[in-house]
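Structure first, commentary second.
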Amino acid sequence: MKVLAFAASLRRASLNRRLVTLAAGIAKRQQAEVDLADFHAFDMPLYDGDLNDDEGLPEGALELKRRLDWADALLIATPEYNYSIAGTFKNAIDWTSRARPVPWRGKSVYLLSASPSPMGGIRGLWQTRIPLEGCGALVFPDMFALAFADKAFDEKGQLKDQMLAERLRKELTGFLRLADAVSHICGSETPSEERRRKAQITAALEEESEIQPAAG
Ligand SMILES: Cc1cc2nc3c(=O)[nH]c(=O)nc-3n(C[C@H](O)[C@H](O)[C@H](O)COP(=O)(O)O)c2cc1C
6 MKVLAFAASL RRASLNRRLV TLAAGIAKRQ QAEVDLADFH AFDMPLYDGD
56 LNDDEGLPEG ALELKRRLDW ADALLIATPE YNYSIAGTFK NAIDWTSRAR
106 PVPWRGKSVY LLSASPSPMG GIRGLWQTRI PLEGCGALVF PDMFALAFAD
156 KAFDEKGQLK DQMLAERLRK ELTGFLRLAD AVSHICGSET PSEERRRKAQ
206 ITAALEEESE IQPAAG
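In short: position in the sequence shown from 1, add 5, done, that's the working numbering.
If you want it as structure tokens, here you go:
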């Protein structure tokens, strides 16, 4: 199974990057093929409808779309900003949501966050689910919020707290098993009959959706 992993933070010392790197390592050990991306690769301007009409998606959004198209599942670690979704990530979702077909549709997503605060960024994750689900992503019910993240890692990048480390491993294993099952219907390497069914589902969703009108 193909997994795209990234932290939605540009900061050099990002705690979320440390967390997603750890999660990506767990996924690799479970035989997933992992593309660990740097969010700098998805640099893009603020969403502007005129720019979209005149020039289409900017290069950073196209790069994210290409890598989403490749993936069956996503591991995304994102900071909580002011109790909510990080604006940088929301902007990336907004741009890519204008592509057709919407590249998030049918992708399994596991959300993580890391924060020095006692809440670990969980409030931001609840907000982050909303636009992703609006774009048709299948966001896993469990989410992993790492509190006191500035003190949580050892020098090898592992979690010092063994109970937390075990919870991450278990949740991620459950996510990867479900994502693998879903990928046989919605993934990039499905047999032609299932691809045809997926196209029918996608077309029906596009017709029904008020939020995601057809392009053009
Ligand atoms: C604009 C801004 C708003 C923030 N708001 C919150 C918040 O609401 N809750 C929280 O736990 N941390 C908040 N923080 C602290 C971040 O969790 C912390 O900077 C974290 O390390 C950012 O993630 P990163 O290390 O991956 O860049 C905020 C930080 C910034 C810059």
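Backbone N, C-alpha and C define an ideal beta-carbon position, used for all residues, glycine too.
Remember, predicted model here, so these are calculated numbers, not experimental data.
- For A97, there is no enclosing beta strand (DSSP E); the enclosing alpha helix (DSSP H) has its first and last residue at 92-101.
- Between the C-alpha atoms of P63 and M49 there is a straight-line separation of about 6 Å.
- DSSP places A157 outside both helix and strand once states are collapsed to three, so it counts as coil.
- For the 7 Å CB-CB criterion, D155 and P106 do not form a contact.
- Counting the other CB atoms within 10 Å of its CB gives M168 a total below 16, which places it among the exposed residues.
- Within the region 14-84, complete beta strand (DSSP E) segments of at least 3 residues are found at 38-42, 78-82, given in chain order.
- With contacts defined as CB atoms closer than 7 Å, S118 and L130 qualify as a contacting pair.
- When the beta-carbon positions are compared, A13 and F94 come within less than 7 Å of each other.
- Note on D159: under 16 other CB atoms within 10 angstroms of its CB, so exposed under the neighbour-count rule.
- Annotated as distal: A66 and K112, with beta-carbon spacing of 7 Å or more.
- Secondary structure of S89 (DSSP, three-state): strand.
- In terms of side-chain proximity, the C-beta atom of R16 is found nearer than 6 Å to a non-hydrogen atom of ligand 1.
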